[in-house]
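Notes follow once the structure below has been shown.
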Amino acid sequence: MLSSNAAFTVISPSTIAPQVHVEPQATKANNAGTWVSSSTGTALAAAGLVTATGLRRKARGARAAKTGPVATGLSSSVGSETYFRDQLVACRAQLDGVEAPTLEETDQHIQDVQDFAKQALAGAAAAMVFTSSMESAVAYPIFAQQNYANPREYTGKIVCANCHLASKPIEVRIPQAVLPDTIFKTEVEIPAKYAKRRQPIADGSKGPMNIGAIAVMPEGWKLAPKDRLPKPLKKEMKGLAWSAYSKEYPNIVVAGPVPGETYEKMVLPVLAPDPNTDDKILFGKGIFYFGGNRGRGQVYPEGNQSNNNQFFASATGTVTAVEGLKVTITTPSGEAKTQEMLPGSDIVVQVGDEVEKDEPITTNPNVGGFGQEEKECILQDTRLALGELLRVFMDMNRVYAYCAFAFSCFIAQLSFVLKKKQFEKVQLAEGF
1 MLSSNAAFTV ISPSTIAPQV HVEPQATKAN NAGTWVSSST GTALAAAGLV
51 TATGLRRKAR GARAAKTGPV ATGLSSSVGS ETYFRDQLVA CRAQLDGVEA
101 PTLEETDQHI QDVQDFAKQA LAGAAAAMVF TSSMESAVAY PIFAQQNYAN
151 PREYTGKIVC ANCHLASKPI EVRIPQAVLP DTIFKTEVEI PAKYAKRRQP
201 IADGSKGPMN IGAIAVMPEG WKLAPKDRLP KPLKKEMKGL AWSAYSKEYP
251 NIVVAGPVPG ETYEKMVLPV LAPDPNTDDK ILFGKGIFYF GGNRGRGQVY
301 PEGNQSNNNQ FFASATGTVT AVEGLKVTIT TPSGEAKTQE MLPGSDIVVQ
351 VGDEVEKDEP ITTNPNVGGF GQEEKECILQ DTRLALGELL RVFMDMNRVY
401 AYCAFAFSCF IAQLSFVLKK KQFEKVQLAE GF
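Quick note on numbering: UniProt numbering labels position 156 of the sequence shown as 156, and the sequence is numbered without any gaps.
Here's what the structure looks like:
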């Protein structure tokens with residue numbers, strides 16, 4: 001750490017006077033250019049090293065040979081790189097007494113900073129490219145997680161439908177009954193012709209459709225841990241990642257957005273709870289709510305429209321101008337109303353067309369939609385199921401009654417067969 005009484009002099013190789021250490025004195029406004037604090041001197045040294053990095057590698061030997069004294073002053077005839085470099089050398093000479101890092105250590109530190117800056121810039125550029133092409137990803141389920149504590153409203157509607165206005169069906173397959181503390185498979189299928197259908201992205205160009213899903217399970221049911229997943233189930237999941245909606249609701253899980261071509265059928269591994277270890281869980285029927293979405297939404301949570309929309313005329317009148325994404329409609333009273341569309345849909349009106357208010361003036365680019373399903377699953381009591389089976393076998397009266405009924409049915413069927421054979425023989429004997 002630098003002491004407060006250390007003083008520095010700004011130096012330059014343009015003079016030959018010997019270097020002089022100046023005692024610190026009260027700070028004044030007119031000597032700010034000559035006196036610098038310890039922190040300012042260190043920052044100046046670092047800045048000089050960054051600027052002269054390229055020159056340092058080429059002229060290290062030449063500079064090492066220059067051992068002549070330097071003094072205070074400023075010269076405009078020397079290049080900026082050399083000037084800052086010599087400033088650093090002088091600061092180093094004055095910092096030797098306070099155990100400052102060596103020149104080699106500082107060189108290595110600055111080189112590490114430069115390498116990190118290059119990596120950061122490359123990462124930022126890649127992130128910008130990625131986010132521009134995947135803008136549809138923010139449509140779901142991030143918006144729901146950020147704006148709704150519980151994604152299922154009291155009416156039963158899943159909040160995803162607030163932004164995805166179009167309705168598209170989904171198919172859900174779930175076991176009818178499961179045992180406690182077991183892992184079972186649930187499938188959420190979101191059918192669509194993903195290879196052919198394209199949706200508009202942020203800049204209006206067409207991109208592939210992504211899908212997302214949400215599952216609202218009864219309390220206590222949750223996503224199966226990875227270390228307990230059987231290998232066949234892992235293979236069926238195709239690397240699909242499910243996550244809890246929030247820490248407060250581990251029984252609600254979401255997935256996506258993911259490519260629709262790969263994950264048209266989304267496999268969800270569920271771990272059934274065990275009422276024997278948790279008193280809050282009861283055996284019996286539970287209701288599961290599933291939601292599945294394909295494509296981007298039409299409305300953002302703030303209420304503004306996305307470009308995945310069809311636009312309508314804002315007034316009744318005549319189209320008097322079509323310039324790019326702007327359509328001007330002149331009303332019968334002579335008022336001109338200009339309406340600007342978002343990139344993504346195609347304008348279908350021309351100059352001179354008569355339009356009515358709320359009449360479509362663009363195509364509908366939306367090829368997706370949202371759907372939800374409800375399914376029931378019974379959590380069976382293992383002891384109750386085994387006890388019922390044993391009770392049936394232990395009740396011998398029931399066993400005897402079943403055996404007697406089965407034997408009587410067999411005798412009746414055998415009698416019918418024998419009687420039929422006898423009747424056929426009589427018919428043949430009488431010549432019929």
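Glycine included, each C-beta is placed from N, C-alpha and C at the ideal position.
Quick caveat, the model's predicted, so the values are computed rather than measured.
Enclosing alpha helix (DSSP H) for residue i [first to last residue]
i      : result
PRO250 : First-last for PRO250: undefined, no H or E at that position.
PHE143 : 142-147
LEU428 : 396-429
GLU236 : 231-237
Residue from the options with nearest C-alpha to residue i
i           : options                           : result
residue 513 : ALA144, ASP115 and ALA213         : The chain is shown only over 1 to 432; residue 513 falls outside these bounds and no answer can be derived.
ARG383      : ALA401, PRO332, CYS160 and PHE283 : PHE283
TYR245      : LEU223, GLU236, LEU229 and MET266 : LEU223
CYS163      : GLU219, ASP346, GLY292 and GLN114 : GLY292
LYS185      : TYR300, PRO208, PRO225 and TYR154 : PRO225
PHE290      : ASP112, ALA117 and CYS160         : CYS160
SER243      : MET209, ILE252, MET237 and LYS235 : ILE252
VAL351      : GLY344, GLU373, SER345 and LYS326 : LYS326
ASP181      : TRP221, VAL348, PRO257 and VAL258 : TRP221
ARG152      : GLN305, LYS425 and GLU374         : GLU374
SER335      : GLY344, LYS231, LYS425 and SER314 : It should be pointed out that residue 335 corresponds to Glu in this sequence rather than to Ser. Comparing Cα-Cα distances from GLU335 to each of GLY344, LYS231, LYS425 and SER314, the minimum goes to SER314.
LYS231      : VAL417, VAL426, ILE183 and VAL355 : ILE183
VAL178      : TYR402, GLU376 and VAL426         : GLU376
ILE158      : VAL216, PHE116, VAL188 and GLY207 : VAL216
SER306      : THR330, THR331, LEU342 and ILE281 : LEU342
LEU271      : GLY207, ILE201, PRO250 and PHE416 : PRO250
ILE281      : PRO218, THR328 and ALA202         : PRO218
GLY324      : ASP346, LYS337 and THR331         : ASP346
TYR148      : LYS425, ALA401 and GLU248         : GLU248
GLY344      : PHE416, GLY431, PRO200 and LYS234 : PRO200
THR330      : ALA241, VAL319 and ASP112         : VAL319
LEU165      : TYR300, LEU414, GLN114 and LEU418 : TYR300
With 16 other Cβ atoms within 10 Å as the buried cut-off, status of residue i
i      : result
ALA62  : In this predicted model, ALA62 has a pLDDT of only 47, less than 50, meaning its place in the structure is not dependable; the value taken from the coordinates is given anyway. Its Cβ having fewer than 16 others within 10 Å, ALA62 is exposed.
LEU428 : exposed
GLY317 : buried
SER333 : exposed
ILE287 : exposed
PRO141 : buried
GLN422 : exposed
PHE407 : exposed
ALA321 : exposed
VAL267 : buried
ARG398 : exposed
PRO410 : Note that residue 410 is Phe in the sequence shown, not Pro. Per the 10 Å Cβ criterion, exposed.
ILE378 : exposed
MET396 : exposed
GLY371 : buried
VAL258 : buried
GLN298 : buried
ASN30  : Per-residue confidence for ASN30 stands at a pLDDT of 42, beneath the threshold of 50, marking its modelled position as unreliable; no derived number is given.
GLY156 : exposed
VAL188 : buried
VAL426 : exposed
GLY41  : Confidence at GLY41 is low in this model, with a pLDDT of 46, below 50, so its placement is unreliable and the value that follows should be read with caution. Buried, because 16 or more other Cβ atoms sit within 10 Å of the Cβ of GLY41.
GLY256 : buried
Rounded distance between the beta-carbons of residue j and residue i, thought under 8 Å
i      : j      : result
GLU214 : VAL254 : Reading off the sequence, residue 214 comes out as Ile, not Glu. Sure, about 5 Å apart at Cβ, within 8 Å.
ILE170 : ILE190 : 5 Å
LEU229 : PRO269 : 6 Å
GLY369 : ARG294 : 6 Å
VAL355 : VAL349 : 6 Å
Extent of the continuous beta strand (DSSP E) run through residue i
i      : result
ARG173 : 171-173
VAL367 : First-last for VAL367: undefined, no H or E at that position.
TYR289 : 284-294
PRO208 : 206-208
MET266 : 265-271
GLU153 : Neither: GLU153 is in no beta strand (DSSP E) and is coded neither H nor E.
ALA321 : 317-323
PRO200 : 198-200
ILE329 : 326-330
LYS337 : 336-340
ILE183 : 183-189
is_contact[residue i, chain C] using C-beta, thresh 8 Å
i      : result
GLN176 : Absent from the structure: chain C. Only one protein chain is present.
Residue i beta carbon near the ligand FMN (any heavy atom closer than 7 Å)
i      : result
PHE405 : Looking for the ligand FMN in the displayed structure turns up nothing, as the structure carries no ligands at all.
Practice problem: Spell out a yes or no on whether the region 261-272 and the region 189-197 are touching, meaning 3 or more CB-CB pairs, one atom from each, closer than 8 Å. | Solution: Yes, the region 261-272 is in contact with the region 189-197.
Quiz item: Any chance the region 344-359 sits against the region 274-281, with 3 or more Cβ pairs inside 8 Å?
Solution: No contact exists between the region 344-359 and the region 274-281.
Quiz item: Quick one: any contact between the region 303-316 and the region 364-383, if contact means 3 or more CB pairs under 8 Å?
Solution: Contact between the region 303-316 and the region 364-383 is present, because at least three Cβ pairs lie under 8 Å.
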